[in-house]
Amino acid sequence: MPSELAPRRLLRRVLQVVALLTLLALVVVLAPGLGEVRDKLAGADPAWIALAIALELCSGVSYVVMFRPVFCRRMPWRTSWEISWSSLGMGSIVPASGAAGLALGAWILHEGGMPAERIARRSVAFFLIKSSVNFVAVAVIGTLMAVGLLGPERSLLLTALPAAAAAGVAGPVIDARARLTNIDWDVNADEISDFAGTTRVKLVNDLEAMAASTDVLTPDEVVVLQEGRPHPDGNAVVIAAGTGLGEAYLHRVAGRLLPLASEGGHGDFAARTDREIELLRALRAEYGRAEVEHVVSGPGLVNVHRFTHRGEPCGEIEQVAPEDRAAAISQAALEARCPACMEALSMFVSAYGAEAGNLALRGVALAGVFVGGGIAPKILPALQDGTFIEAFRAKGSMSALVEKVPVKVILSPEAGLLGAAMHAQGLLDA
Ligand SMILES: [Zn+2]
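Position in the sequence shown (from 1) plus 28 gives the number in the working numbering.
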């Protein structure tokens, strides 16, 4: 029997493991920022937790037992145990698909005098044996599920198929169907369901998707335009100018922010100045009715540009494809190349701020206003020059209220996708 397995030594090792596990448990229970982990653990079935711990222990022990025969049968048990436990520990600490643990093990063996070629060959063998266990386990469990001996899901492909799918679409979603506003597309949850092989499918409005992301955005994914004084029980709103103007509410229900879609971007444009009244007349002549989106969106910026140039040609956009004109106008304005382009961007930013303020009032958004969409990150200097926030705050008797509202620009282009993923997660939790 190896000396490592002598009763006294074994007892000491077991005590060390118990001490480590206690420390880990204390970290999980006491460390700040792990609230979600605690909630998940508290809601989990103790039998499953016990099973998970037992399987993890089996996995660890089999790793250690396999290590010596694969690398060198003449290696002392004690050395083999030390190297394999170090490898396992390293593999857990450094998330590099287990490679970090193997690398540490290889380094120790090399220091111990084992030839590099032998280490390389044996490492490959060890990795293959280790992975084949996982592969076989997935195949066996998948087969058992397929024939109905295990679990309610009858899918052989298991992890290859999505458990839930959610998609954000630019348009109103009615009866799990959406007709996209700005392109000629029909989207249907049933078709996605057939394609994805799961009944857990949800279609949400794109802004509703973006709204769901606000909870999980990190500080480096937003820029603060107004600090405000966020109210922890308040609602929030999202406004996003891109190819159109999206608006969504985040209502606080039982402590959580619940995304609600709206078609507010198609509401009436409210002119605030003589200049905007002129703009309103021009828009009404063109569209019959002026929507906020006719001003606050990419095509809206092009409308405002046409207005500030009084129909005269502007060299900044003459050679530019229609879909790239808004970006060209912003760029010309930010680089102060054309006074009329600069006025267009300034009017755009002011109208954007005013509408964000309107939305904050409608939703009583004391927890914050999030400015999303593709345009905001590209015109950040213009959003930060004071025009946006000045218009946002100019709400007469309600100015004191909107001054308290935090205003943040979402920089992450994946916010909509992230939010759709949050909706999909919600389907799994339901
Ligand atoms: Zn111009």
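For each residue, glycine too, the CB sits at the ideal point set by N, CA and C. Model, not experiment: these values are computed from the prediction.
Nearest-angstrom Cβ-Cβ length linking residue i and residue j, presumed shorter than 8 Å
i, j, result
"Gly-170", "Pro-258", "Gly-170 to Pro-258, Cβ: 47 Å. No contact."
"Met-238", "Gly-400", "5 Å"
"Leu-311", "His-322", "5 Å"
"His-337", "Ala-368", "5 Å"
"Thr-242", "Leu-278", "7 Å"
"Ala-384", "Ile-202", "So it is not a contact: roughly 27 Å between Cβ atoms."
"Ala-240", "Met-103", "Not really, about 53 Å apart at Cβ, beyond 8 Å."
"Ala-131", "His-138", "Incorrect: roughly 10 Å between the Cβ atoms, too far for contact."
"Val-56", "Val-65", "6 Å"
"Tyr-91", "Ser-112", "6 Å"
For residue j and residue i, the rounded distance between their alpha carbons
i, j, result
"Lys-423", "Val-430", "8 Å"
"Val-93", "Ile-136", "18 Å"
"Arg-300", "Ala-379", "9 Å"
"Ala-217", "Val-265", "26 Å"
"Ile-157", "Trp-105", "20 Å"
"Cys-366", "Pro-341", "12 Å"
"Ile-357", "Glu-363", "10 Å"
"Ile-417", "Val-348", "31 Å"
"Leu-38", "Met-142", "28 Å"
"Ala-80", "Pro-74", "10 Å"
"Leu-307", "Val-332", "7 Å"
"Ala-298", "Ala-276", "19 Å"
"Phe-163", "Val-244", "33 Å"
"Leu-185", "Gly-129", "For Leu-185, the predicted model reports a pLDDT of 49, less than 50, meaning its position is unreliable; a value from the coordinates is still stated below. For Leu-185 and Gly-129, the distance between alpha carbons rounds to 30 Å."
"Ile-403", "Gly-270", "6 Å"
"Arg-41", "Leu-58", "26 Å"
"Glu-344", "Gly-71", "59 Å"
"Ala-452", "Ala-443", "14 Å"
"Asp-302", "Phe-335", "14 Å"
"Pro-35", "Gly-88", "20 Å"
"Pro-441", "Ala-167", "38 Å"
"Gly-295", "Ala-382", "14 Å"
"Ala-355", "Glu-346", "13 Å"
"Gly-454", "Phe-99", "46 Å"
"Phe-155", "Phe-95", "10 Å"
"Arg-205", "Pro-327", "26 Å"
"Ala-47", "Gly-117", "15 Å"
"Leu-62", "Gly-176", "37 Å"
"Ile-77", "Val-215", "40 Å"
"Val-281", "Thr-227", "26 Å"
Cβ-based burial, residue i [other Cβ within 10 Å; buried from 16]
i, result
"Lys-436", "buried"
"Met-426", "exposed"
"Ser-108", "buried"
"Gly-272", "buried"
"Arg-284", "exposed"
"Pro-409", "exposed"
"Ile-438", "buried"
"Val-485", "As displayed, the chain neither begins before 29 nor continues past 458, which places residue 485 out of reach and without an answer."
"Val-232", "buried"
"Leu-394", "buried"
"Val-250", "buried"
"Ala-53", "exposed"
"Glu-147", "According to the sequence provided, residue 147 is Ile. The question's Glu does not apply to it. Under this definition Ile-147 is a buried residue."
"Gly-140", "exposed"
"Arg-353", "buried"
Closest by C-alpha distance to residue i, when choosing among the options
i, options, result
"Ser-115", "Ile-407, Gly-133, Lys-432 and Ala-355", "Gly-133"
"Pro-287", "Gly-447, Arg-66, Leu-69 and Arg-146", "Gly-447"
"Leu-253", "Tyr-315, Ala-289 and Gln-412", "Gln-412"
"Ala-153", "Pro-97, Leu-389 and Val-250", "Pro-97"
"Gly-339", "Glu-351, Ala-355 and Glu-314", "Glu-314"
"Val-324", "Ile-345, Pro-350 and Gly-274", "Gly-274"
"Phe-376", "Ala-393, Phe-420, Arg-40 and Leu-394", "Phe-420"
"Asp-234", "Ser-290, Ala-165, Ala-354 and Ser-90", "Ser-290"
"Asn-386", "Arg-102, Arg-317, Leu-177 and Gly-292", "Gly-292"
"Ala-372", "Glu-304, Gly-295 and Glu-255", "Glu-304"
"Leu-16", "Ala-148, Leu-389 and Glu-236", "The first residue shown for the chain is 29 and the last is 458, placing residue 16 beyond what the model contains."
"Ser-374", "Thr-415, Ala-167, Leu-85 and Val-229", "Thr-415"
"Leu-389", "Val-433, Pro-405 and Ala-174", "Val-433"
"Ser-159", "Ile-147, Lys-406, Met-173 and Ala-127", "Ala-127"
"Asp-248", "Pro-405, Arg-228 and Pro-260", "Pro-405"
"Arg-150", "Val-122, Val-161 and Arg-101", "Arg-101"
heavy atom of ligand 1 below 7 Å from residue i C-beta
i, result
"Ala-360", "yes"
"Ala-364", "no"
"Ala-368", "yes"
"Glu-346", "no"
"His-337", "yes"
Closer than 7 Å: residue i CB and nearest ligand 2 heavy atom
i, result
"Ala-355", "The model on display carries ligand 1 but not ligand 2."
CB contact check: residue i to chain D, cutoff 8 Å
i, result
"Glu-314", "Considering every chain present, this structure includes no chain D. It has just one protein chain."
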